[in-house]
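Participant: For the sequence shown, the positions run 307 to 497 when the numbering used here is used.
Just so it is clear, CB atoms sit at the ideal spot from N, CA and C, and this is done for glycine as well.
Got a structure for you, questions after.
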Amino acid sequence: MELIVKTRNTKVSDRQREYIEAKLAKLERYFDQLNKVTVEVSEEQRRNEGNVHRVQVTLIGERGLLLRSEQRAGDMRTATDLVADTLQRQVQRYKDKHWRRGKLRRQGGKIVDVIANGNPAPAETDDMPSIMRTKEIQIKPMFSDEAVEQMELLGHDFFVFRDADTDQINVVYRRRDGHYGLLVPDETYVT
Numbered sequence: 307m308e309l310i311v312k313t314r315n316t317k318v319s320d321r322q323r324e325y326i327e328a329k330l331a332k333l334e335r336y337f338d339q340l341n342k343v344t345v346e347v348s349e350e351q352r353r354n355e356g357n358v359h360r361v362q363v364t365l366i367g368e369r370g371l372l373l374r375s376e377q378r379a380g381d382m383r384t385a386t387d388l389v390a391d392t393l394q395r396q397v398q399r400y401k402d403k404h405w406r407r408g409k410l411r412r413q414g415g416k417i418v419d420v421i422a423n424g425n426p427a428p429a430e431t432d433d434m435p436s437i438m439r440t441k442e443i444q445i446k447p448m449f450s451d452e453a454v455e456q457m458e459l460l461g462h463d464f465f466v467f468r469d470a471d472t473d474q475i476n477v478v479y480r481r482r483d484g485h486y487g488l489l490v491p492d493e494t495y496v497t
């Protein structure tokens, strides 16, 4: 597992780095298919809370697995503990969905569980979400500013389009702060 620690507005001592490494190394016990872990540590001044440490961790695993958690606390150790706990729950949930009962398969828009003899059995619908609607969309080449205008005209929170420059499928979305975000595919993790 490759661990990268980035800092912003603060410095991470060797002792703090060792603490982060030790805390996140425990995640390998739960999920051994982690390729890369990126930790971003920053210090912010908050009006109500004072000096706050923000720790954001992104886990990248095999087959396109991507898990992310961000926590804020008064000291870096507490924020690291909170992030590690959150990621542990996310890894557990991922493993429960995809590995505990065998590999999940999709047939006819429904998620089914493949049991040991290879015959599909309907998965439990109580705890598993199902696809309620399938919608086909036309993806035409356009620039990101055109996509934002189209999204606003439709009144949606996101819009899928093909970038006219790169010919890749991108997504533009409205952020909670009122600005816009752009999702661009990273081809390095496609298998």
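Once the 5 residues before and after Thr316 are set aside, which same chain residues still bring their CB inside 7 Å of it?
Facilitator: So the list reads Val347, Ser348, Glu349, once near-sequence residues are dropped.
Participant: Name the one or two DSSP bridge partners that Glu324 has.
Facilitator: Per DSSP, none; premise fails for Glu324.
Participant: Count the other C-beta atoms from every protein chain shown that fall within 10 angstroms of the C-beta of Gly414, then say buried if there are 16 or more, exposed otherwise.
Facilitator: Any answer about Gly414 is weak, because its pLDDT of 49 lies below 50 and its placement is not dependable; what the coordinates show is given next. Exposed.
Participant: Near Thr344, which residues of its chain fall below 6 Å by C-beta distance, leaving aside the five closest residues on each side in sequence?
Facilitator: Counting only Cβ-Cβ distances below 6 Å, and skipping sequence neighbours, we find Ile310, Thr364.
Participant: Consult DSSP for Thr507 and reduce its assignment to one of helix, strand or coil.
Facilitator: In the structure displayed, the chain extends from 307 to 497; residue 507 sits before or after that span and is not available.
Participant: Compute the Euclidean distance between the alpha carbons of Asp471 and His359, then round it to the nearest angstrom.
Facilitator: The alpha-carbon atoms of Asp471 and His359 are separated by roughly 39 Å.
Participant: Are the beta-carbon atoms belonging to Ile326 and Lys342 less than 8 Å from one another?
Facilitator: Result no, Cβ atoms of Ile326 and Lys342 do not sit closer than 8 Å.
Participant: Taking Cβ positions, are Lys329 and Asp387 nearer each other than 8 Å?
Facilitator: Yes, these two residues count as a Cβ contact at 8 Å.
Participant: For Asp492, is the classification buried or exposed, using 16 other Cβ atoms within 10 angstroms of its Cβ as the cut-off for buried?
Facilitator: With fewer than 16 Cβ atoms within 10 Å of its Cβ, Asp492 is classed as exposed.
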